Amino acid sequence: MKKILNFFIVGLMLLFSVKTEAQTIVTVTMTDTSKQVFNVSVNGKLYFDSDQLIVIESFAQTAAIDLADIQKVQFRALDDDGITPIAKENLTIYPNPTTGMITISGLDGHSVDVSLYSANGQLIMKKKISSDEQIDLGTLKRGLYLLKINDSVYKISKI
C-alpha cells in the first residue's frame, strides 16, 4: 500500500512540476480526516525520506508527515496572478443532455476560459467568463461536444 501511495504521490508531483514558475497549494488529508495545507513555492519541494513525506514551503523544512497517517494528497496550482483556479468539483453544467441552453455555475467569480469543440475537434466557440453564464447550443446539430473550462474537459450532449 505504501509503495502504491508513494508512486501515486510522486506521479502527481511530477505532473505539477511542469509549471515551475507558479506556486502549488498542497493539501494533505490525514487518516483522522484533519487537513494540513502547505503553500509550496518555486523554491520549495516535496520528497520522501524513509516513511515520511517531507514538505518544504520555501527554504526551510515545514513538515515531516508519516506516510501511514496520510489518507490523501491534493495539489492545486496558483495562477500567475495568485488567484486559485476553480475546483472542478465546484462546477455544474446543466442540463446535460440539452436541447439548447446550458448553464455553467460554480465559478464563484473566478475568470475562466471556455472553449466548445465538436466531436472531431473543431473549435466552435471560445470566450472568457467570470460568473454563472448560459451558453446557447440551440443552433448546433445533435451530437456530442466537448466543453473545455480552463484545463478541464466535459462532455455535452446536444439532443
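With our numbering applied, the sequence shown covers 6 to 164. Backbone N, C-alpha and C define an ideal beta-carbon position, used for all residues, glycine too. Note that this is a predicted model, so its numbers are computed, not measured.
Asked: Which of helix, strand or coil DSSP assigns to Ala-65; Found: coil
Asked: Host beta strand (DSSP E) of Ile-107 (start-end); Found: 106-110
Asked: Span of the beta strand (DSSP E), counted from its first residue to its last, around Val-47; Found: Taken as a continuous stretch (DSSP letters only), Val-47 belongs to no beta strand (DSSP E), as it is neither H nor E.
Asked: Endpoints, beta strand (DSSP E) assigned at Asp-141; Found: 138-141
Asked: Extent of the continuous beta strand (DSSP E) to which Thr-32 belongs; Found: 29-35
Asked: Gly-114 versus Ser-135, Thr-97, Met-106, residue with shortest Cα-Cα distance; Found: Ser-135
Asked: Separation of Ile-161 from Val-147, as counted between CA atoms; Found: The sequence given here has Arg at residue 147, not Val. When rounded, the distance between both Cα atoms is 10 Å.
Asked: Buried or exposed by the 16-neighbour rule on C-beta atoms within 10 Å, applied to Tyr-150; Found: buried
Asked: As assigned by DSSP and simplified to three states, the class of Leu-72; Found: helix
Asked: Residues of its chain near Val-119, where Cβ-Cβ distance is below 6 Å and the 5 sequence neighbours each way are ignored; Found: Lys-132, Ile-134, Ile-154
Asked: Candidates Phe-64, Ser-63, Ala-69: closest to Asp-54 by CA position; Found: Ala-69
Asked: Per-residue burial, Leu-121 [other beta carbons within 10 Å of its own, 16 or more giving buried]; Found: buried
Asked: Lys-146: first and last residue of the uninterrupted beta strand (DSSP E) it sits in; Found: Taken as a continuous stretch (DSSP letters only), Lys-146 belongs to no beta strand (DSSP E), as it is neither H nor E.
Asked: Euclidean distance between Cα positions of Leu-96 and Ser-116; Found: 13 Å
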